[in-house]
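Remarks on the structure that follows.
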Ligand code: SF4
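In the numbering used here, the protein residues as written are 4 to 519.
See the structure below:
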């Protein structure tokens with residue numbers, strides 16, 4: 004019990020209930036720092052809740068109750084961290100929390116059922132959850148707000164059971180049970196009338212797959228016919244690496260921008276766009292630096308610290324919030340110092356792994372568990388291997404293609420669509436670059452795009468002598484595959500194939516079935 008990494012038996016804190024027995028002791032300096040960040044989160048929550056309209060929202064929307072678990076979520080994703088990694092994690096979580104609080108506040112301000120600020124609502128463009136918000140990079144006076152992000156996507160990060168009710172609602176309405184829980188939950192929220200209603204118009208995108216197209220169909224019907232919010236369907240091409248689809252993709256961007264201009268009365272501002280593009284480029288440069296570090300023996304920004312932040316920074320932010328670039332700089336500075344000192348994140352590094360599959364942190368702190376329990380380093384994950392391309396900072400025609408590129412390469416679809424090269428072949432290239440001996444194939448059982456290649460993943464891994472650990476999960480639905488059932492799949496492989504004992508045996512089986 005102390006300041007050294009690995010000095011706490013992390014599994015011994017778990018009870019059978021919602022919260023753990025006690026907070027982690029990380030030595031005086033780190034415990035005090037962690038406590039100040041806990042206070043900061045409580046500050047964000049208090050500031051949010053003192054507004055009467057936000058209290059009203061707590062009673063109006065079932066999913067708002069999940070936000071009471073926000074401090075617990077941060078604790079989950081900082082387990083075992085010390086020194087630089089703890090600071091990197093909190094730098095990211097502070098910012099993500101503040102951004103979500105702002106998003107909720109804006110949604111309820113314009114929401115016809117809560118704040119009903121009509122003038123504000125006219126300046127809002129609703130964006131899909133899983134959409135790169137690139138088409139908003141030239142509208143400084145508009146707010147691109149996602150309703151799905153706080154109700155579904157963040158809710159499951161906070162509480163593993165957060166969207167089970169909405170999945171049931173969607174199925175009671177006739178949706179088949181094998182649809183991906185991501186679009187299914189969004190549909191359930193819409194059917195139950197649990198989305199805030201606001202906005203001058205909405206941009207939906209065929210971001211991921213047939214599941215998301217189905218979801219958009221149901222949601223847009225309600226938006227257009229009941230709420231009077233016109234929707235634009237941004238249909239990005241699926242084979243996004245092919246040259247001959249790029250002109251079509253660019254035209255979709257032009258059409259989306261024109262649609263927003265028509266419905267809001269605003270005009271596209273190129274100066275603002277290029278300002279945002281410069282920030283996206285800077286974020287990309289930082290992320291590439293972190294990935295380069297992760298290829299060495301002393302990775303510094305990886306696992307939970309890479310995945311959650313990258314998704315937010317690219318999808319929701321897309322250069323529009325300068326504070327994210329400030330955070331990128333701070334993270335790079337901390338990571339470089341730690342790298343020079345050869346800082347270890349856990350006491351023993353046993354395996355270098357690539358995590359392949361869609362979001363592994365939904366309802367689960369899987370990445371941090373891998374490193375703490377088994378010394379498996381999650382060096383990078385599928386969704387963090389997003390665009391590495393530099394956007395033009397002055398050419399307007401190229402900029403349209405860059406926005407199309409970002410939209411086509413949103414973090415899930417850039418791998419689940421685009422053919423075998425992006426889903427299968429590039430994985431082995433990354434294994435080589437990162438010197439990974441293991442791939443954790445985080446197989447979402449409802450994602451046909453991913454599961455279709457099951458046999459081919461096995462064939463190639465065997466050829467290359469890479470350990471392939473299949474980990475089945477159902478993304479948002481822990482009733483189908485629980486957290487412990489997920490952990491057991493890794494435990495089995497580690498014991499039977501690698502014949503290893505865990506670094507922290509208390510983490511091998513944890514009673515977190517009922518916890519948030
Ligand atoms: S996880 Fe798979 S099935 Fe679900 S939205 Fe993404 S691509 Fe579609």
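Even glycine gets a Cβ: it sits at the ideal position worked out from N, Cα and C.
Per DSSP, residue 41 is one residue of the alpha helix (DSSP H) stretching across 31–52. In this structure, DSSP gives residue 240 a state outside helix and strand, which the three-state scheme calls coil. Close CB contacts of residue 354 within its chain, under the 6 Å cut and outside five residues either way in sequence, are with 379, 440 and 441 (chain order). Taken atom to atom, the span from the alpha-carbon of residue 446 to that of residue 418 is near 13 Å. When C-beta atoms of the segment 300–311 are compared with those of the segment 378–392, three or more pairs fall below 8 Å, so the two segments count as touching. At the C-beta level, residue 328 and residue 285 come within 8 Å of one another. In terms of Cα proximity to residue 415, the closest of 266, 317 and 158 is 317. Beta bridge pairing from DSSP links residue 148 with 129.
Per the coordinates, the alpha-carbon of residue 278 lies some 23 Å from the alpha-carbon of residue 133.
Here the distance from the Cβ of residue 214 to the nearest heavy atom of the ligand SF4 is below 7 Å. Around the CB of residue 305, 16 or more other CB atoms lie within 10 Å, so the residue is classed as buried.
Secondary structure note for residue 444: its beta strand (DSSP E) is the uninterrupted segment 441–447. Under the 10 Å beta carbon count, residue 261 is surrounded by fewer than 16 other beta carbons and is classified as exposed. Between the alpha carbons of residue 128 and residue 468 lies a gap of roughly 49 Å. The nearest non-hydrogen atom of the ligand SF4 is 7 Å or more from the C-beta of residue 149.
Per DSSP, the continuous alpha helix (DSSP H) segment holding residue 334 begins and ends at 325–343. Ranking 272, 236 and 461 by CA distance to the CA of residue 399 puts 272 first.
If you draw a straight line from the Cα of residue 219 to the Cα of residue 228, it comes to about 14 Å. The beta carbon of residue 151 sits closer than 6 Å to those of 132 and 189, all from its chain and outside the five residues before and after it, given in chain order. The beta carbons of residue 519 and residue 19 sit no closer together than 8 Å. Counting along the chain, the unbroken alpha helix (DSSP H) around residue 87 starts and ends at 86–113.
The shortest C-alpha to C-alpha distance from residue 6 to any of 17, 35 and 57 is the one to 35.
Of the other Cβ atoms in all chains shown, fewer than 16 fall within 10 Å of the Cβ of residue 498; this residue is therefore exposed. Annotation for residue 143 indicates a beta carbon at 7 Å or more from all heavy atoms of the ligand SF4. Counting the other CB atoms within 10 Å of its CB gives residue 243 a total of 16 or more, which places it among the buried residues.
Proximity of the beta carbon of residue 385 to the ligand SF4 is not indicated: no heavy atom of the ligand is located closer than 7 Å. Under DSSP, the beta-bridge partners assigned to residue 381 are 356.
With a 10 Å radius around the Cβ and a threshold of 16 neighbouring Cβ atoms, residue 55 comes out exposed. Membership of residue 188 in the alpha helix (DSSP H) is indicated by the continuous run 184–194. With a cut-off of 7 Å, the C-beta of residue 453 is classified as near the ligand SF4, since at least one heavy atom of the ligand falls inside that distance.
In this structure, the straight-line span from the alpha carbon of residue 196 to that of residue 215 is close to 19 Å. Residue 474 sits in a strand when the DSSP states are folded into three classes.
Taking a contact to require three or more Cβ pairs closer than 8 Å, the segment 22–41 and the segment 85–95 qualify as touching. Within the same chain, Cβ atoms closer than 6 Å to the Cβ of residue 430 are found at 359, the five residues on either side in sequence being excluded.
In the pairwise beta carbon analysis, the segment 168–183 is classified as not touching the segment 233–243: fewer than three pairs are separated by under 8 Å.
Annotation for residue 279: the continuous alpha helix (DSSP H) segment containing it runs 273–297.
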